[in-house]
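Read through the structure below, which is laid out as structure tokens, and then see the notes.
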Amino acid sequence: MTNTPILILSGKGKTGRRVVEQLDARQIPVRLASRSSERPFDWYDENTWSGTVAGIDTAYLAPPVGPTGLAQAGKFIQQAASDGLRRVVLLSGRGVGSPGREFAVYESGLELEHAVKDSGADWTIVRPAWFMQGFSEDFMLDYVQAGEIRLSAGDGAEAWIDTNDVGDVMAAALLDERHTGETYSLSGPRTLTMAEVAAELSTATGRPITSVDLEPEQHVAEMVEYGVPREDAESVRDLFAVIRNHRSEYVSEGVQQILGRAPRDFADWARETAKTGVWSV
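Numbering (full-length UniProt numbering), first residue to last: 1 to 281.
What follows is the structure in structure tokens.
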């Protein structure tokens, strides 16, 4: 598509670094943007934005968590398009834009999608389900290691997706303009409740792991105590409320549509992840 670097925002995050791996394997140049990059980038410092997009045609945008961060990402994409950005692939969330939105995190996500569409740049929007890697690379890792997953998901189910599948999809979307103007929803091949997730992790690790259902406000309090900013904790609560209210119990076909193959199953992912020793205690 272009000989100029592809800008990767949040290139050290769960999806961003996998997109970088895919592009590196294809010898596609990338420009990573963060506070510590060669061109320092900060979502909350608009003075850093123009230098970050200078000379860039295409960008992968993984926005910050929470309504404030999503609003900043919307401002960024509008300015970036004015500065010459031609194409953007946005990491959104499954369920954004669905009927019956009542949570601020979804409202803010929809506003960001509108900002991308209205920016004047070509766009592709990808809406994945919850990441399997949340149990191995995020705050839920500590829960697995402790043998007790403490969340406010109730008995609702989610079609968890392997972040490697998301990275493969994002790279394909960045490199093939046939995906321009498309919105894709991604998920794994089946839905699992938190009790079923705990059972799969128990099998993979060879030790008992249980699921403890928290009331939503207790969940927020425990995340804040863990060190998660309150706004982010409330956004996570709202996302789990979608599961709690049984609104995520469906499978999406985006991986098959874009990559021509099935997404990875949770059991296969858990078994391979256990081999890395990440859950060893």
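By construction, the Cβ of each residue, glycine as well, lies at the ideal position given by its N, Cα and C atoms.
In the DSSP assignment, R18 falls within the alpha helix (DSSP H) that extends over G16 to A25. Your pair A81 and S119 checks out as a contact, with CB atoms roughly 4 Å apart and the cut at 8 Å. In chain order, D42 place their CB closer than 6 Å to the CB of R35, counting only its own chain and leaving out the 5 sequence neighbours on each side.
Apart from the 5 residues on each side of it in sequence, N245 sits with its Cβ closer than 7 Å to the Cβ of G156 in its chain, given in chain order. With a cutoff of 8 Å on beta-carbon distance, R87 and A129 are scored as not near each other. Around the beta-carbon of H219, 16 or more other beta-carbon atoms lie within 10 Å, marking it buried. When DSSP states are grouped into helix, strand and coil, A33 belongs to the strand group.
D57 and F76 have their C-alpha atoms some 15 Å from each other. Straight-line measurement puts the Cα of I161 at about 7 Å from the Cα of R264.
As computed with DSSP, T210 is found in a beta bridge with E148. In the displayed model, V251 falls within coil according to three-state DSSP, outside both helix and strand.
When DSSP reads this structure, D122 sits in a beta bridge with R87. Ranked by Cα distance from D138, the options E182, E111, G227 and A121 are led by G227.
The DSSP-derived three-state label of F41 is coil. When C-beta atoms of the segment 177 to 191 are compared with those of the segment 253 to 267, three or more pairs fall below 8 Å, so the two segments count as touching. Cα atoms of P64 and G147: separation of roughly 29 Å, rounded to the nearest angstrom.
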